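Novice:
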Amino acid sequence: MIKKKPITQFLKTIIILLLFQLSTTSQSSHPKPPPLPILPIPKSRQISWQIAEMALFLHFGTNTFTDSEWGTGHVDPSIFNPKLLNATQWVTVAKDFGFKRVVLTAKHHDGFCLWPSKYTDYSVESSPWRNGVGDIVAELAEAARNGGLELGLYLSPWDRHEHCYGETLEYNEYYMGQMTELLTRYGEINYVFLDGAKGDGEKDMEYFFDDWFSLVHQLQPGASIFSDVGPDTRWVGNENGVAGSTCWSLFNRSAIKIGGYSDARYSAEGDAFGHDWVPAECDVSIRTGWFWHASEKPKSAMTLLDLYYKSVGRNCPLLLNVPPNSSGLISDEDIHVLKEFSELRNSIFSYNLAKSALLSASSTRGDPNDSQFSPNNVIEEGLYTYWAPDQGQQSAWTLYLEFQQVITFNVLELQEPIQMGQRIIEFHLDMLDENGTWQHVVNGTTVGYRRLLLFPTVKSHLLRLVIDKSKIFPLISHLGIYMDSYSVPRHVSDDTHTKSKFINNLVFRRTAYNQSQSASI
């Protein structure tokens, strides 16, 4: 019995070791879970809105027939008679040229309604169009639904016709009654545009914005609301269609008042320390005015392409106004420009050169053999696959792209998986020259949903993307390398002059915000 004891003890030890090894193997076979998001993060409706990238704004009403921008509210409805109106044409133009949403001015500042509202006679019901039984909102809703496009509506808070405007309680009830009509008669509404526009010397009154926002989300939970401060998407601070070269989706809604004197730079750039997820939207008209005027001509396709880089390419969807003319159709000259604009985008972005590269990274989250967070994910389309570096890596997160032959390019595209929060503060792209030396190509600050950087044409077979600064380890869902043979970049990077200023302002903004919050308590 004494001789068997060591053997028994030895067998026990072997069994324990085997069980430990099996346990370790079993644990290591499980994939690494996704990292935690960094707050704030977007709601589902905000992601859907951002993915659309471009929408067509349709300014249409009595102003179309009076050659004016801001109607008086006293024009006789008989002037409104777009005899050839065809909402299907509007939707077809939008869809054919890459727009995913149409947005109609259901009521502009003059108070004339493009649907038969039971709360006023100042509408299409009092016009000769369709013998007074027409409904433009209904026709556009049906056309959008048939065409597979989203529908948005603008209901102007300022109303120069309605007699109760200026009586706060009475007008807010009137406004919410009209909003309820629009959000309950026409099926799904994906977007509601609100603003604080009002002329000098007009009646003063308080808008119950919080009540309006609650009503919209109650009746149309999937609708994103636009205003100077959101709640879902904010104004970029100008009507030029241009976002800040640094543009955070993060924002502090309490810092801006709707219709008040806002900080244009804050609206354009957002706030790296913002508590709210309120991405910016760039609105601009294809013509000088917002309504159609026979004397005006559309912008060129190249101008629209430049605006595309400075809006969609800076983390901001583009809301492009294309006003129907007095016959009720989008003008042929506007269609021609939109067609050229579409062809330019398709020519540039139809083929991603990065797809032919061998990708590697400075580190990868979890098992390097697990494809879940592989660098190869960045050439896939969509938000929900991405490269994630190892959580232990604290800086200089790097992606390498090696090509079998030299490529020629001048556009860099990056995307973050925004459902995980916005993280990247600063990045740059290098290339290896013919002498085997790394050369700087371009640098940028924020990324967000989509970032496009245009720079002078270069050639190389080896590139490296370096994330220099990030709130926490970065995540990249997409990387694109393209050749734009049409544009002439004016600078190596549109961030070159603002980069250091932006980084220095981060601490200043956080301090200023904290002081403002302390003062309000």
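Read in order, the letters of the sequence shown are residues -26 to -1, 1 to 495 in mature numbering (1 follows the signal peptide of the UniProt record, and there is no 0). All residues carry an ideal CB built from backbone N, CA and C; glycine is no exception. Here the structure is a predicted model, which means the values were calculated and not measured.
Should the stretch 116 to 128 be regarded as contacting the stretch 57 to 69, the criterion being three or more beta carbon pairs within less than 8 Å?
Specialist: Yes, they touch.
Novice: Residues bridged to Ile199 by DSSP?
Specialist: If you number the sequence shown from 1, residue 199 lands on position 225. Beta-bridge pairing links Ile199 to Val166.
Novice: What does a CB cutoff of less than 8 Å around Thr431 pick up in its chain, not counting 5 residues either side in sequence?
Specialist: Here residue 431 corresponds to residue number 457 of the sequence shown, with the count starting at 1. Thr382, Phe383, Asn384 and Met457, listed in sequence order.
Novice: Could you give the distance in angstroms between the alpha-carbon of Tyr54 and the alpha-carbon of Thr36?
Specialist: Position 80 of the sequence shown, counted from the first residue, corresponds to residue 54. Position 62 of the sequence shown, counted from the first residue, corresponds to residue 36. Going by the sequence as given, residue 54 is Phe instead of Tyr. Taking the straight line joining both Cα atoms gives about 6 Å.
Novice: Since Lys273 and Val311 should fall inside the 8 Å C-beta cutoff, what is the C-beta to C-beta distance between them, to a whole number of angstroms?
Specialist: What you label residue 273 is simply residue 299 of the sequence shown in a count that begins at 1. What you label residue 311 is simply residue 337 of the sequence shown in a count that begins at 1. Between Val311 and Lys273 the Cβ distance is about 7 Å, and since that is below 8 Å, they are a contact.
Novice: If I measure Cβ to Cβ from Ile398 and keep anything under 7 Å in the same chain, skipping five residues before and after, which residues do I get?
Specialist: On the sequence shown, residue 398 is found 424 positions in, with the first residue counted as 1. These residues qualify, in order along the chain: Glu390, Thr420, Val421, Ile441, Ser444 and Pro448.
Novice: Express the C-alpha separation of Met405 and Thr411 in angstroms, rounding to a whole number.
Specialist: Reading the sequence shown from its first residue, position 437 is the one you call residue 411. Reading the sequence shown from its first residue, position 431 is the one you call residue 405. Going by the C-alpha atoms only, they are around 8 Å apart.
Novice: Pairing CB atoms from the stretch 258 to 278 with CB atoms from the stretch 225 to 233, are three or more of them under 8 Å?
Specialist: No, the stretch 258 to 278 is not in contact with the stretch 225 to 233.
Novice: Look at Ala112 and Asn164 and say whether their C-beta atoms are less than 8 Å apart.
Specialist: Position 138 of the sequence shown, counting from 1, holds the residue named residue 112. Position 190 of the sequence shown, counting from 1, holds the residue named residue 164. Going by C-beta atoms, Ala112 is not nearer than 8 Å to Asn164.
Novice: Please go through the same chain and pick out, in chain order, the residues whose beta-carbon is closer than 6 Å to the beta-carbon of Ile322, but skip the five residues on each side of it.
Specialist: Within the sequence shown, the letter at position 348 stands for residue 322. If we look at Ile322 and ignore the five residues flanking it on each side, its Cβ neighbours are Tyr456 and Asp458.
Novice: Within the continuous alpha helix (DSSP H) that includes Gly121, where are the two ends?
Specialist: Mapped onto the sequence shown, residue 121 falls at position 147. First-last of the alpha helix (DSSP H) with Gly121: Ile110 to Gly121.
Novice: Are Pro298 and Leu32 closer than 8 Å when you measure CB to CB?
Specialist: Numbered from its first residue, the sequence shown carries residue 298 at position 324. Numbered from its first residue, the sequence shown carries residue 32 at position 58. Cβ distance < 8 Å, so Pro298 and Leu32 count as in contact.
Novice: In whole angstroms, give me the CA-to-CA distance for Asp184 and Ser201.
Specialist: The sequence position of residue 184 within the sequence shown is 210, counting from 1. The sequence position of residue 201 within the sequence shown is 227, counting from 1. Using only the alpha carbons, I get a separation of about 12 Å.
Novice: Kindly list the residues whose CB is nearer than 6 Å to the CB of Ile495, restricted to its own chain and excluding five residues on each side of it in sequence; keep chain order.
Specialist: Looking up residue 495 in the sequence shown gives position 521. Low confidence applies to Ile495: its pLDDT is 27, below 50, so where it sits in the model is not reliable, and the reading given next is rough at best. Within the same chain, Ile495 has no close Cβ partners at all.
Novice: Going straight from the alpha carbon of Leu281 to that of Gln413, what length do you get?
Specialist: What you label residue 281 is simply residue 307 of the sequence shown in a count that begins at 1. What you label residue 413 is simply residue 439 of the sequence shown in a count that begins at 1. When rounded, the distance between both Cα atoms is 29 Å.
Novice: Taking the CB atoms as reference points, tell me whether Arg438 and Thr372 lie closer together than 8 Å.
Specialist: Taking the sequence shown and counting its residues from 1, the one referred to as residue 438 is at position 464. Taking the sequence shown and counting its residues from 1, the one referred to as residue 372 is at position 398. Result yes, Cβ atoms of Arg438 and Thr372 sit closer than 8 Å.
Novice: DSSP on Pro430, reduced to helix/strand/coil?
Specialist: For the purposes of this step, residue 430 is taken as residue 456 along the sequence shown, with counting starting at 1. In the structure shown, Pro430 sits in a strand (DSSP, three-state: E or B).
Novice: With which residues is Ala335 paired in a DSSP beta bridge?
Specialist: Residue mapping note: residue 335 aligns to position 361 of the sequence shown, counting from 1. The partner list for Ala335 (beta bridge, DSSP) reads Leu373.
Novice: Leaving out the 5 sequence neighbours to the left and right, which residues in its chain are closer than 8 Å to Gln20 when beta-carbon positions are compared?
Specialist: Working through the sequence shown from its first residue, we reach residue 20 at position 46. Cβ within range, chain order: Ser198, Asp206, Thr207, Trp251 and Pro253.
Novice: Going straight from the alpha carbon of Glu43 to that of Ile309, what length do you get?
Specialist: Counting from one through the sequence shown, the residue named residue 43 turns up at place 69. Counting from one through the sequence shown, the residue named residue 309 turns up at place 335. Going from the Cα of Glu43 to the Cα of Ile309 covers about 22 Å.
Novice: Strictly by DSSP, which residues pair up with Ser259?
Specialist: In the sequence shown, counting from the first residue as 1, residue 259 sits at position 285. Ser259 pairs with Asn295.
Novice: Can you give the Cα-Cα distance for Ser18 and Ser52, rounded to whole angstroms?
Specialist: On the sequence shown, residue 18 is found 44 positions in, with the first residue counted as 1. On the sequence shown, residue 52 is found 78 positions in, with the first residue counted as 1. In a straight line, the C-alpha of Ser18 is about 43 Å away from that of Ser52.
Novice: Take Lys271 and list the residues in its own chain whose beta-carbon comes closer than 8 Å to its own, dropping the five residues that flank it on each side.
Specialist: By 1-based counting over the sequence shown, the position of residue 271 is 297. Cβ within range, chain order: Arg261 and Glu307.
Novice: Spatial neighbours of Trp222 within its chain, please: C-beta separation below 7 Å, excluding the five flanking residues on both sides.
Specialist: Stepping through the sequence shown from its first residue, residue 222 is reached at position 248. Once the five neighbours on either side are set aside, the close Cβ partners of Trp222 are Glu243, Gly244, Asp245, Ala246, Gly248, Gln396 and Thr420.
Novice: Count the C-beta pairs between the stretch 130 to 150 and the stretch 170 to 177 that are closer than 8 Å, then say yes if the count reaches three, no if not.
Specialist: Touching, per the Cβ criterion.
Novice: Where does Leu(-5) fall in DSSP's three states?
Specialist: For the purposes of this step, residue -5 is taken as residue 22 along the sequence shown, with counting starting at 1. With a pLDDT of 48 at Leu(-5), under the threshold of 50, the modelled position of that residue is not reliable, and the figure given next carries that caveat. Helix.
Novice: Which residue wins for smallest C-alpha separation from Glu213, given the options Val107, Leu294 and Tyr160?
Specialist: Taking the sequence shown and counting its residues from 1, one reaches residue 213 at position 239. It is Leu294.
Novice: Within the same chain, show all residues whose beta-carbon is closer than 8 Å to that of Arg239, passing over the 5 residues directly before and after it, in chain order.
Specialist: Taking the sequence shown and counting its residues from 1, the one referred to as residue 239 is at position 265. Correct list, in chain order: Gly211 and Gly218.
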